[in-house]
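In the UniProt record's numbering, the protein residues as written are 1 to 157. The beta-carbon is built from N, C-alpha and C at its ideal position, and this holds for glycine as well. Just so it is clear, the structure is predicted and the values come from calculations on it, not from any experiment.
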C-alpha cells in the first residue's frame with residue numbers, strides 16, 4: 001500500500017525437541033547460513049543468528065507482509081528437512097513445538113545483536129532454561145508452564 005511505512009525488529013528463540021544437544025559445532029555455521037537464506041528469501045533482513053547445541057536465537061528486521069507463525073514454520077520445517085537430508089546428526093532431529101518472539105526498538109539493535117553473537121560465553125554462566133525465563137520476565141510475558149518448552153517441570157518453584 002502506498003505511503004505505508006513499517007519498522008519492526010523481532011528476536012525469535014526456539015529449541016531442539018526435548019532440548020537435546022544435537023546441533024554440532026561442526027555444522028552449526030552451515031545451519032545458520034541455510035536459515036539466513038530462508039529469512040532473506042522471505043524478504044526479511046537477518047541482523048544476527050546464534051546457534052547453541054540445543055536452541056537458536058534469530059534477530060531480524062521483519063517484513064510485515066508475512067505472518068510470524070508462517071515464517072517460523074518455514075524456518076523450522078525447511079531446516080529440519082535440510083538437516084535430515086544432509087545426515088548431519090545420527091539422531092532423530094526436529095525442532096520443538098512453539099517458539100518465543102519478542103519485539104525490540106531500533107535503539108536496542110546493537111545490544112540484541114551482541115547478546116545473540118555472544119551466546120557461548122553467556123551460557124557458561126546461565127542455562128537455556130534460566131535464559132528463556134529471564135527473556136520472558138524482561139518482556140512481561142505471562143505463561144502457562146504446561147505450554148513452555150519441554151525442559152520445564154510441570155510445577156515451578
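Residue i to residue j span [Cα, whole Å]
| i | j | result |
| --- | --- | --- |
| residue 49 | residue 55 | 11 Å |
| residue 154 | residue 146 | Interpretation of residue 154 is limited by its pLDDT of 40, a score under 50 that renders its predicted location unreliable; the figure taken from the coordinates is listed afterwards. Computed Cα separation, rounded: 6 Å. |
| residue 15 | residue 76 | 10 Å |
| residue 104 | residue 70 | 20 Å |
| residue 5 | residue 123 | 37 Å |
| residue 158 | residue 79 | Since the displayed the chain opens at 1 and closes at 157, residue 158 lies outside it and no answer follows. |
| residue 157 | residue 98 | For residue 157, the predicted model reports a pLDDT of 41, less than 50, meaning its position is unreliable; a value from the coordinates is still stated below. Approximately 23 Å, taken between the alpha carbons. |
| residue 142 | residue 132 | 13 Å |
Candidates the options: closest to residue i by CA position
| i | options | result |
| --- | --- | --- |
| residue 31 | 86, 43 and 3 | 86 |
| residue 89 | 35, 140 and 24 | 24 |
| residue 127 | 138, 81 and 52 | 52 |
| residue 8 | 106, 17 and 2 | 106 |
| residue 68 | 12, 46 and 79 | 12 |
| residue 10 | 139, 115, 58 and 91 | 58 |
| residue 22 | 61, 124 and 93 | 93 |
| residue 64 | 72, 73, 78 and 44 | 44 |
| residue 102 | 36, 17, 72 and 3 | 72 |
| residue 84 | 2, 109 and 27 | 27 |
| residue 100 | 33, 120, 117 and 134 | 134 |
Opposing strand residues paired with residue i [DSSP bridges]
| i | result |
| --- | --- |
| residue 16 | 95 |
| residue 128 | Residue 128 pairs with nothing; no bridge assigned. |
| residue 45 | 61 |
Element boundaries [beta strand (DSSP E), containing residue i]
| i | result |
| --- | --- |
| residue 105 | No beta strand (DSSP E) holds residue 105; DSSP gives it neither H nor E. |
| residue 55 | 55–61 |
Endpoints, the alpha helix (DSSP H) within which residue i is located
| i | result |
| --- | --- |
| residue 119 | 119–122 |
| residue 69 | 68–85 |
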